[in-house]
Each structure stands twice: as C-alpha cells, then as structure tokens.
Ligand code: FO1
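Numbering (the working numbering), first residue to last: 26 to 332.
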C-alpha cells in the first residue's frame, strides 16, 4: 500500500497500479488540502490521485482534468469575481457530486470510492480520514493562511513559520485505512512533500500507531533531487521550518516509521541517515516508463527489507 499526496505521489501511485493487482493495492490520500469554495467541497489531493489513476489528469499540470475548459471561471469573472483557484468545467462535476453526496451524509471514503469506480480505478483510493482535517500555515508576512490560500493564491511565496492542523473534535483513521495498514505486506511513502502531504496523513489519530505496528517494512521515496523539490515548495518549506531537504533530513522526518529510504543519484553525496538501508536510483518521473520503473525498484527494495 502507499501513502501519497500531490502530483509526485500520484505519479508513483500510477506506477504501482501498473504493477500490482487492483485488489492488492490501497492508496491512502491526504485530505488536509481540502477546502470549501462557493459552497463546494474540493479535495485536490484525492482528485489528483483519482484523475491520474484513471488516466484523465492534465499532463501539463498533473492536477485537473485533461482537455478541461474554463467557461465557468470566465462567467465568474463576468460577474465581477476574481477567481484564483482554477476549477475546470469537467472538474466541477466531481465537486458538485462530492458536495451533494456529503450533504446527504455519505462519507468521504464512500464518495471517493463511487468516483473511483465510475472512472474505472480498480485499486482502493482511501482518504486518510473522514473527519475534519485542514492544513494551516502561519506566515511571517500574512498571518495564518489556509492551505490553498498559501499554496495557490499566494503561490507558496510567504515565508512559513509553522504548519499546523485544524482538526474536528475527532480526527481518526477510517476502518478502511486501518484494515489496509494492518494487512499491508509493504508500505511505500510516495515522493510527496513530507510536511504538507504526508505530515497531515500522519497527524490523523491512530495513523502513527498503525504504522509503528506494521507487519511488513515501510519505505519512503525522497521527493528531493539534488536537495530540491521536483515541483512545489517542499525544500523551501523544510528550510523555513529548520528541517533538512537531504536524505538524512527525510529519514529524520519519518524517524521510527521507516525501514528504508529511496533517494535520487543526485543526492548520493548529501548527508545520509546512517541507520537504515538506502537505495540510490533515478527518482525523476517524467514518463510512464519512469513511474513504473521507480515503483518496481521501490517494491523490490522494500520487499527485501526486514521490518
Ligand atoms: N494548483 C494550482 O497551482 N493552481 C490552481 O489553480 C489549482 C487548481 C486546482 C483545481 C482542482 C484540483 O484538484 C487541484 C488544483 N490545483 C491547483 C492543485 C492543488 O491545489 C495542489 O496541487 C495540491 O493541493 C497540493 O498537492
């Protein structure tokens, strides 16, 4: 099974799905990027996984639907709005249905499963929690920002001082996530932003305990190439929070939860963890073949490790 968030996580999930029988693969997605806009419940990380696994993601951005149009956004602009979040017309259908089903009392897990089934995604795509969880960023210049305000509206430029999670009264792992974690032979943490994509998954009550009690090994694929994020603010944010964007820094972030680390060749000379096995390979996923090869290498590496 895999824990994944963002475009890098979705690419790795796609590679894994090409190799593993659907009934043997579960992907746990980050829900702390979710937010409400014009009354719609938007789940960007789950949708990036959904569209990527279904083969309909926009290849240029990694998020949104391929070939989507902007008529709804143009109409909003005519009404005098200044839309900063790029909701495409086809993408809108996903948010309309999700919002309606949630309002009917359907859980986010069930909503995601219905959408995945309709788009032909065979593996389990599981929100980390059905409870409220939202990433908040305290910034020096702009005060506290919700995740999408920070990430999209302000293009992750404000300097972050702290990342924290707004939670519901309860914020627990779902039964489906629990069962997937308890039965996993191997857990792969995708090359996702540790702080913003995987951090919120780990913040769900029960998640760290389940990972600590894992029956098989858990490995992480570093999201860094030459100490830099392939996309997004992972290295910038790590520095701002006094964390290292090196193999050692990644291993420290996941201390006690991982049995092995996959890093890019360009980080082979950077500070290393020292206490867990490291696989050095090419982690950049530009083509479908890259995604499948990296997933294959991660599965082989993890499969040979002891918990
Ligand atoms: N990311 C952007 O940088 N700009 C956007 O306008 C934008 C719109 C968007 C719409 C739907 C969706 O599912 C994702 C969207 N994203 C957009 C990506 C998303 O906000 C982030 O990539 C993730 O939340 C971080 O992993």
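Every residue gets a Cβ at the ideal spot worked out from N, C-alpha and C, and that includes glycine.
Query: heavy atom of the ligand FO1 below 8 Å from residue 151 C-beta; Result: no
Query: Nearest to residue 330 (by Cα), restricted to the options 198, 301, 234 and 184; Result: 301
Query: Within-9 Å CB hit, residue 69 to chain D; Result: No chain D appears in the structure shown, which is made up of a single protein chain.
Query: Distance CB(residue 326)-CB(residue 223) smaller than 9 Å; Result: no
Query: C-alpha gap between residue 165 and residue 186, whole angstroms; Result: 6 Å
Query: Among 220, 150, 177 and 169, nearest to residue 264 - alpha-carbon criterion; Result: 220
Query: Reduced DSSP category for residue 312 - H, G, I as helix; E, B as strand; rest coil; Result: coil
Query: Own chain partners of residue 171 with C-beta closer than 7 Å, once the 5 adjacent residues on each side are dropped; Result: 60, 159 and 161
Query: C-beta atoms of residue 214 and residue 206 nearer than 9 Å; Result: no
Query: Buried versus exposed call for residue 333 [16 or more other C-beta atoms within 10 Å across all chains shown]; Result: Residue 333 falls outside the range modelled here, since the chain spans only 26 to 332, and no answer is possible.
Query: Residues sharing a beta bridge with residue 240, DSSP; Result: Paired residue(s): none; residue 240 is not in a bridge.
Query: Assigned exposure category for residue 96 - 16 Cβ within 10 Å defines buried; Result: exposed
Query: Selection from 150, 246 and 323 that minimises the alpha carbon distance to residue 76; Result: 150
Query: Bridge partners - residue 189, DSSP secondary structure assignment; Result: 161
Query: Classification of residue 41 by the beta-carbon crowding that lies within 10 angstroms, buried from 16 upward; Result: buried
Query: Run of the beta strand (DSSP E) containing residue 60, from where it starts to where it stops; Result: 60-62
Query: N- and C-terminal bounds of the beta strand (DSSP E) containing residue 303; Result: 303-306
Query: Residue 368, buried or exposed, once every other Cβ within 10 Å from all chains shown has been counted against 16; Result: No answer is possible for residue 368: the residues shown for the chain start at 26 and end at 332.
Query: Close beta carbons around residue 87, own chain, < 6 Å, minus the five adjacent residues each side; Result: 32
Query: Closest Cα partner of residue 305 within the set 311, 248 and 269; Result: 248
Query: heavy atom of the ligand FO1 below 8 Å from residue 144 C-beta; Result: no
Query: Pair within 9 Å by beta-carbon distance, residue 141 and residue 79; Result: yes
Query: Under 9 Å between C-beta atoms of residue 114 and residue 93; Result: yes
Query: Assigned secondary structure, residue 74 (DSSP; H/G/I helix, E/B strand, else coil); Result: helix
Query: Beta carbon of residue 56 nearer than 9 Å to that of residue 154; Result: yes
Query: Residue 223 in three-state terms, based on DSSP; Result: helix
Query: Expected contact under 8 Å - CB spacing of residue 234 and residue 196 to nearest Å; Result: That belief does not hold up - the Cβ atoms of residue 234 and residue 196 are roughly 14 Å apart, past 8 Å.
Query: Beta strand (DSSP E) segment containing residue 108, residue limits; Result: Neither: residue 108 is in no beta strand (DSSP E) and is coded neither H nor E.
Query: Sequence ranges, alpha helix (DSSP H) only - wholly within the region 117-164, length at least 4; Result: 133-143
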